[in-house]
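Encoded as structure tokens, the structure appears first; notes follow it.
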Amino acid sequence: MHTNTGKVPIPADSHQPRLDLVAVKADFPILDQRINGRRLVYLDSAATSQKPWVVIRAITDYYRKQNANIHRGLHFLAERATAAYEKTRAHAANFMGGVQREEVIFTRGTTEAINLIAYTWGEANIKEGDEIVITEMEHHANLVPWVILAQKKKAVLKQIPITFCGHLDLSDIDNIITPRTKLLALTQMSNVLGTINPVAKLTELAHKQGAIVLADGAQAAPHMPIDVKELGVDFYAFSSHKMLGPTGVGILYGRRELLEEMPPFNTGGEMIDEVHFDRVTWAELPHKFEAGTPDIANVVAFDAALTYLEELGLESIRRHEMELTGYAIERLSQIKGLEIQGPREPAQRGGAISFTDPNIHPHDISTFLDSRGIAIRAGHHCAQPLLRILGKTATARASLYIYNDEADIDALIEALVEMRRYFGV
Amino acid sequence: MHTNTGKVPIPADSHQPRLDLVAVKADFPILDQRINGRRLVYLDSAATSQKPWVVIRAITDYYRKQNANIHRGLHFLAERATAAYEKTRAHAANFMGGVQREEVIFTRGTTEAINLIAYTWGEANIKEGDEIVITEMEHHANLVPWVILAQKKKAVLKQIPITFCGHLDLSDIDNIITPRTKLLALTQMSNVLGTINPVAKLTELAHKQGAIVLADGAQAAPHMPIDVKELGVDFYAFSSHKMLGPTGVGILYGRRELLEEMPPFNTGGEMIDEVHFDRVTWAELPHKFEAGTPDIANVVAFDAALTYLEELGLESIRRHEMELTGYAIERLSQIKGLEIQGPREPAQRGGAISFTDPNIHPHDISTFLDSRGIAIRAGHHCAQPLLRILGKTATARASLYIYNDEADIDALIEALVEMRRYFGV
Amino acid sequence: MNEQLDDMYREIILDHYRSPRGRKPLEKADIKSDGSNPACGDEIEMQVEMDNDTIKDIHVNCKGCAISVASGSMLAEITKGKPIDEVRRIAELVRRMLKGEQVEIPDDLGDIDSLRGVQQFPVRIKCALLAWATLVEGLKSYEDGHKQASASTENDDDEHAE
Amino acid sequence: MNEQLDDMYREIILDHYRSPRGRKPLEKADIKSDGSNPACGDEIEMQVEMDNDTIKDIHVNCKGCAISVASGSMLAEITKGKPIDEVRRIAELVRRMLKGEQVEIPDDLGDIDSLRGVQQFPVRIKCALLAWATLVEGLKSYEDGHKQASASTENDDDEHAE
Ligand SMILES: Cc1ncc(COP(=O)(O)O)c(C=O)c1O
Ligand SMILES: Cc1ncc(COP(=O)(O)O)c(C=O)c1O
């Protein structure tokens, strides 16, 4: 702990144990690596997280001991593989606060989950003149599908604007969410600003107008306890790879009644009941939405990631990140001229911290930091419209997770100072 | 080698070295396992193949040393991950006989690849009254999407029938593929009958009528050399998990001009050029068709699977499987009353061998064999219409791959004989 | 697992499988009910002759695996002469037993107890359930005034639950 | 890799970046050409005054990273006074050099050689190319009789090739 920094107040109700950072770091083999001769300081977890041994080993174990295709096999391996695959489904259902396992659909990631909704629910329910409401801070994944659907259906796409501080501006919300609103699709946490949005409150407003609500949980689910029932949303999507799990796996939660009415998305094996050349009937939930051989090994290994997160405790993770975000924002603010995006108050935001230097382009920042072993991201972060609103073409973004500590932030700050000398601007 | 069996003739042009089966078996850790107290005899590779150490290790290495999100990162790990991901694309392009890397799209598997075509090319090109031609032996993956598209567009779905021996019946082909045919979608190898179809010849016929051709290579690509240029097809799809690679990865080859004209499938990050709230432009090929974070680790590891197959030699693999298929069919034929589906001649078929016992249901066969450590599949094999045509509700299917040998077949035969005693029917 | 195998294919089951009861079609059927598991390919045809609320005679023709055939044969043997309500209770008992619940099977339904081993083979549970689901459907439509019914256990996917 | 870093950000590049040439807008422009990399956010505005087929004066205003600014600045310095054909040849040379081909850069284009280090950073190659692509587009539309042009190196994705 550094003594030269004021501590961020910790929420009074946080009685969660602290993370044991030494133990956590030791669980992530990639952090042992030296990058460009330096210790790897990984500050790009909003793009994708690193993986603990338990997850890597779960993949290896699967292929060494269980590998088989699932659901239709009558042999030992097929039954073990099927049970393991379905175990993750039950686990994910629990992780989201306890939903039915039939309400949990495996996808490739958040992007595919949202496209699934657009292609099925959206295709069937959005009509000419209907309104789809998103926010100005959406990731392209929760934006482009709605631009396309609105164009196709001659529907209207509206955006909830953001304030100067990077919050949603709700001052005119009653003119944005109206009886014409059929869908509210919003991110629970911004991948650029870090802002945590009032999803429960907006869901209530939208439901009052008869709209359906989809929350993009890609940035929230890895970092805080999630309860979709409490949020009240109809659909919720997130990605395994951003929360210690393997790539190739995403979760779509959908309210059962909605999923039951929806037509299927991809069609083929596993998702059918009876197939004839002139007619097909569908399998029950959740299989109706899982055509073909899924990413079995990675779904199975995602279970280990969820267990790892739960064992640390999502409350503890949130608390750790709030403290570290507070520390990072404070230290970054001390660098003269550096502009930080999004809310300042850690309680209102997650650990994705975008910043710009008045004289050095984010790309140069990223390349320079990389030479010091520090991995951040620079660019538009798949949120071009938001960047345009911020008046930026790109930002640098450092994003935190469970394996980051104050030493990582210190390394970042030191390198940023050195960078200015290097570029001499 | 057994002396009591006639050897299947080997094609005269086969100068390929034989597989070293002892070495190959040793590369697959799962085969070391004992199932139900017995050596695992895995005869279910048509459902999914087992994985060699090099593939498992490639996944582990990726997560231990390279893991990062791709394409937009400016740091060391992101560049390494991007290069590794794109290396597999170049490799797959070569594997298919040398196509352009822009013509190679990563999907979750064959099923998603075919759905992608239906949702993009199909949606844009199939009109009322148009004809889509498939075969009676299609897997649901290459059948249900066309049933649905035909229904939606009021197009006509026609099937090329099969002969008694399990070949395509081309006697009436000129009345099936006509100037109204817009798409011919057929499997290169049946997952039930084993039949290898004359794709090049039918493609020529279809092209003469102005139709587009899609070949489902899910069962062919793992087992024989593939050259999509020689086949002449416009689209070609296959799955990594059936050819030693990880789950979650499929390849769609598409002719560049077609891909360029097609609208995108899923939308979101990575596949865009410019995004506004009211308009979006797309990235160039192949990125246009890869929305969101792909299954990076598994794509990277698929490279190792392709290398492994190429080092054995696809010609050698084919030769091994032809010999073993011949041996298996001969031994199965010696069991009185057992009915074998599909062509008898190994040169005309792959190693997926469906059979039925007159008195014992395929499920009981599978369960019994499982108790002897032998994994086969029983059911409709995602080909309900074909099974109906064969007059079966289910078959038992033993399917072969590089790690199978005559001892595996002998174990199968022995267990089948024992089974009849057990059930006493 | 050979023990498991023998546990599933108990002698009683193999006996029902080899010589299924109720194979003879009825002259006069009040209920016709068909069932299938498209995925497994099991198919069942049932005819029931009723005497008010009691099953007077029953014909079961099952094309399927040993488990589905044996289960249908036991059903034919057991349900004959029983009132609808009791048949429903037995069907529910079978269902709960197969899902792994701790249920007591009364002595007079003894053969059914032998289906317990199927629990260990989740994919096969729907095979054992098919006949019972088909009969329950048939009885329901009889009460509703129809004669024809059909059932499926294909999507009875509870075995995937933890 | 600090060496690699210094190789990319050579003193010459940093010098161009800190005090870019051609910043002064022109009074009379025959060509206006804008370029951008939407993904990177680099943006460039260019004005060119022509004397028949020769670039008489050029203005480059680049908002972007050190590489794109330096590349634009070098372009302003080098292309002034050169005929269209030669400018095209130089642009092609720069392109091939950045793609890693073995090309000789003549002494009088010496500063350009300092961009060679960018090769090692595939994602940055398009930054170095932006100014050149924008000028070539501008010259093309000048020859076609238009005044306004725009370019993008965003989808110049060759760096992914093996
Ligand atoms: C807020 C948000 N939504 C959606 C996505 C897309 O997730 P994926 O690429 O895993 O589909 C991301 C990840 O970049 C994100 O940050
Ligand atoms: C002929 C054929 N086509 C398509 C598929 C579907 O492949 P996947 O499940 O990998 O999408 C299979 C695999 O079962 C197959 O055998």
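Residue numbers (our numbering), protein chains in the order written: chain W, 1 to 425; chain S, 1001 to 1425; chain B, 2001 to 2162; chain Y, 3001 to 3162.
Idealized CB from N, CA, C, for every residue including glycine.
*asked:* So if I threshold CB-CB distances at 9 Å, which residues from the region 69 to 93 of chain W count as touching chain B?
replied: Contact annotation: in the region 69 to 93 of chain W, residues whose CB is within less than 9 Å of a CB in chain B are 71, 72, 73, 74, 76, 78, 79, 82, 83, 85, 86, 87, 89, 90 and 91.
*Could you have a look at residue 171 of chain W and say whether DSSP puts it in helix, strand or coil?*
Within the first sequence, the letter at position 171 stands for residue 171 of chain W. It is coil, neither helix nor strand.
*Compute the Euclidean distance between the alpha carbons of residue 332 of chain W and residue 423 of chain W, then round it to the nearest angstrom.*
Here the question's residue 332 of chain W lines up with position 332 in the first sequence. Here the question's residue 423 of chain W lines up with position 423 in the first sequence. Straight-line Cα distance between these residues: approximately 18 Å.
*Under 8 Å by Cβ, that's how I've got residue 3035 of chain Y and residue 3128 of chain Y pegged, so tell me the actual separation to the nearest angstrom.*
By one-based count along the fourth sequence, residue 3035 of chain Y stands at place 35. By one-based count along the fourth sequence, residue 3128 of chain Y stands at place 128. Not really, about 12 Å apart at Cβ, beyond 8 Å.
*Answer yes or no: the CB of residue 67 of chain W versus the heavy atoms of ligand 2, is any distance below 7 Å?*
As a first step, residue 67 of chain W must be located in the first sequence, where it is residue number 67. No, the beta carbon of residue 67 of chain W sits no closer than 7 Å to any heavy atom of ligand 2.
*Nearest-angstrom Cα distance between residue 2130 of chain B and residue 1041 of chain S?*
Numbered from 1 along the third sequence, position 130 holds the residue referred to as residue 2130 of chain B. Numbered from 1 along the second sequence, position 41 holds the residue referred to as residue 1041 of chain S. Each residue's alpha carbon lies about 31 Å from the other.
*Excluding five sequence neighbours on each side, which residues of the same chain lie with their C-beta closer than 7 Å to the C-beta of residue 3074 of chain Y?*
Residue mapping note: residue 3074 of chain Y aligns to position 74 of the fourth sequence, counting from 1. If we look at residue 3074 of chain Y and ignore the five residues flanking it on each side, its Cβ neighbours are 3016, 3111 and 3112.
_Rounded separation between residue 1373 of chain S and residue 1404 of chain S - CA only_ = Stepping through the second sequence from its first residue, residue 1373 of chain S is reached at position 373. Stepping through the second sequence from its first residue, residue 1404 of chain S is reached at position 404. Distance between the alpha carbons of residue 1373 of chain S and residue 1404 of chain S: 14 Å.
*Quick one: what does DSSP say residue 49 of chain W is sitting in, helix, strand or coil?*
Here the question's residue 49 of chain W lines up with position 49 in the first sequence. DSSP places residue 49 of chain W in coil when its eight states are reduced to three.
*State the DSSP-derived secondary structure class of residue 422 of chain W, mapped to helix, strand or coil.*
Looking up residue 422 of chain W in the first sequence gives position 422. The answer is helix: DSSP assigns residue 422 of chain W an H, G or I state.
*Using the rule of at least 16 other Cβ atoms within 10 Å of the residue's Cβ for burial, across every protein chain shown, is residue 3019 of chain Y buried or exposed?*
To locate residue 3019 of chain Y, count along the fourth sequence from 1; it is residue 19. Exposed.
*In angstroms, rounded to a whole number, what distance separates the CA positions of residue 310 of chain W and residue 95 of chain W?*
Here residue 310 of chain W is taken as the residue at index 310 of the first sequence, counted from 1. Here residue 95 of chain W is taken as the residue at index 95 of the first sequence, counted from 1. Cα to Cα, the separation comes out at about 8 Å.
*Residue-chain proximity (residue 144 of chain W, chain S), Cβ-Cβ < 8 Å*: The count along the first sequence starts at 1 and reaches residue 144 of chain W at position 144. Cβ-Cβ to chain S under 8 Å: yes for residue 144 of chain W.
*Using the beta-carbon of each residue, which ones in chain B are nearer than 7 Å to residue 1364 of chain S?*
Within the second sequence, the letter at position 364 stands for residue 1364 of chain S. Neighbours of residue 1364 of chain S on chain B, chain order: 2065 and 2066.
_Sequence-distant residues of the same chain with beta carbon closer than 6 Å to residue 3105 of chain Y, five excluded per side_ = Indexing the fourth sequence from 1 puts residue 3105 of chain Y at position 105. Within the same chain, residue 3105 of chain Y has close Cβ partners 3112 and 3113.
_Under DSSP, the alpha helix (DSSP H) around residue 1026 of chain S begins and ends at which residues?_
By 1-based counting over the second sequence, the position of residue 1026 of chain S is 26. Unbroken alpha helix (DSSP H) run through residue 1026 of chain S: 1021 to 1026.
*Check each candidate in W:30, W:188, W:411 and W:75 and name the one with the smallest Cα separation from residue 51 of chain W.*
By one-based count along the first sequence, residue 51 of chain W stands at place 51. Residue W:30 is the option with its Cα nearest to residue 51 of chain W.
*Using a threshold of 7 Å, is the CB atom of residue 49 of chain W nearer than that to any non-hydrogen atom of ligand 1?*
Locating residue 49 of chain W in the first sequence gives position 49, where the first residue counts as 1. Residue 49 of chain W: no, Cβ never under 7 Å from ligand 1.
_Stretch pair the region 290 to 305 of chain W + the region 1107 to 1117 of chain S: three plus CB contacts closer than 8 Å_ = yes
*Cβ-based contacts, 8 Å cut-off: residues of the region 2024 to 2044 of chain B near chain S*: 2038, 2039, 2040, 2041, 2042 and 2043
*What runs of the beta strand (DSSP E), each 3 residues or longer, lie entirely inside the region 1320 to 1363 of chain S?*
1352 to 1356
*Cβ of residue 366 of chain W versus every heavy atom of ligand 2: is any distance shorter than 7 Å?*
Within the first sequence, numbered from 1, the residue matching residue 366 of chain W stands at position 366. Checking every heavy atom of ligand 2 against the Cβ of residue 366 of chain W, none is found closer than 7 Å.
_Within 10 Å of its beta-carbon, does residue 1408 of chain S have 16 or more other beta-carbons around it, so buried, or fewer, so exposed?_
Here residue 1408 of chain S refers to the residue found at position 408 of the second sequence. Buried, because 16 or more other Cβ atoms sit within 10 Å of the Cβ of residue 1408 of chain S.
*For my contact list, residue 2153 of chain B and residue 2033 of chain B are in at a C-beta cut-off of 8 Å; report their separation, rounded to the angstrom.*
Residue numbering aside, residue 2153 of chain B sits at position 153 when the third sequence is read from its first letter. Residue numbering aside, residue 2033 of chain B sits at position 33 when the third sequence is read from its first letter. Not quite, the Cβ-Cβ distance comes to about 13 Å (not below 8 Å), so this is no contact.
*If we cut at 8 Å on Cβ distances, does residue 3118 of chain Y have a partner in chain S?*
Residue 3118 of chain Y sits at position 118 when you count from the first residue of the fourth sequence. No, no contact with chain S.
*asked:* Tell me the rounded alpha-carbon separation between residue 118 of chain W and residue 139 of chain W.
replied: The sequence position of residue 118 of chain W within the first sequence is 118, counting from 1. The sequence position of residue 139 of chain W within the first sequence is 139, counting from 1. When rounded, the distance between both Cα atoms is 15 Å.
*Could you list which residues in chain S have their beta carbon closer than 8 Å to that of residue 157 of chain W, in chain order?*
Position 157 of the first sequence, counting from 1, holds the residue named residue 157 of chain W. Those are 1277 and 1278, listed as they occur along chain S.
_Separation of residue 1385 of chain S from residue 1136 of chain S, as counted between CA atoms_ = Position 136 of the second sequence holds residue 1136 of chain S. Position 385 of the second sequence holds residue 1385 of chain S. If you take the alpha carbons of residue 1136 of chain S and residue 1385 of chain S, they lie about 7 Å apart.
_Given this structure, state the Cα-to-Cα distance separating residue 1007 of chain S from residue 1198 of chain S, to the nearest angstrom._
On the second sequence, residue 1007 of chain S is found 7 positions in, with the first residue counted as 1. On the second sequence, residue 1198 of chain S is found 198 positions in, with the first residue counted as 1. Only weak support exists for where residue 1007 of chain S lies, its pLDDT of 39 falling under 50; the value from the coordinates is given anyway. A straight line joining the alpha-carbon of residue 1007 of chain S with that of residue 1198 of chain S spans about 26 Å.
*Drop a sphere of 10 angstroms on the beta-carbon of residue 1355 of chain S, count the other beta-carbons inside from all chains shown, and report buried for 16 or more, exposed for fewer.*
Locating residue 1355 of chain S in the second sequence gives position 355, where the first residue counts as 1. It is buried - the Cβ of residue 1355 of chain S has at least 16 other Cβ atoms within 10 Å.
*Can you tell which of S:1218, S:1074, S:1351 and S:1239 has its C-alpha closest to the C-alpha of residue 3065 of chain Y?*
Counting from one through the fourth sequence, the residue named residue 3065 of chain Y turns up at place 65. Answer by Cα proximity: S:1074.
_Taking 7 Å as the cut-off, is the beta-carbon of residue 1165 of chain S closer than that to any non-hydrogen atom of ligand 1?_
Along the second sequence, read from residue 1 onward, the residue named residue 1165 of chain S stands at position 165. No, the Cβ of residue 1165 of chain S stays beyond 7 Å of every heavy atom of ligand 1.
*Helix, strand or coil: how does DSSP classify residue 3044 of chain Y here?*
If you number the fourth sequence from 1, residue 3044 of chain Y lands on position 44. DSSP places residue 3044 of chain Y in strand when its eight states are reduced to three.
*Please name the residue, chosen from S:1189, S:1086, S:1164 and S:1150, that lies closest to residue 1341 of chain S on a Cα-to-Cα basis.*
Translated into the one-based positions of the second sequence, residue 1341 of chain S becomes position 341. The residue with the shortest Cα to Cα distance from residue 1341 of chain S is S:1164.
*asked:* At the level of alpha carbons, what is the spacing between residue 1363 of chain S and residue 2123 of chain B?
replied: For this step, residue 1363 of chain S is matched to residue 363 along the second sequence. For this step, residue 2123 of chain B is matched to residue 123 along the third sequence. If I take the Cα positions, the gap works out to 10 Å.
*Could you pull the start and end residues of the beta strand (DSSP E) that residue 2062 of chain B belongs to?*
Taking the first residue of the third sequence as position 1, residue 2062 of chain B is located at position 62. Segment 2054 to 2063, the beta strand (DSSP E) holding residue 2062 of chain B.
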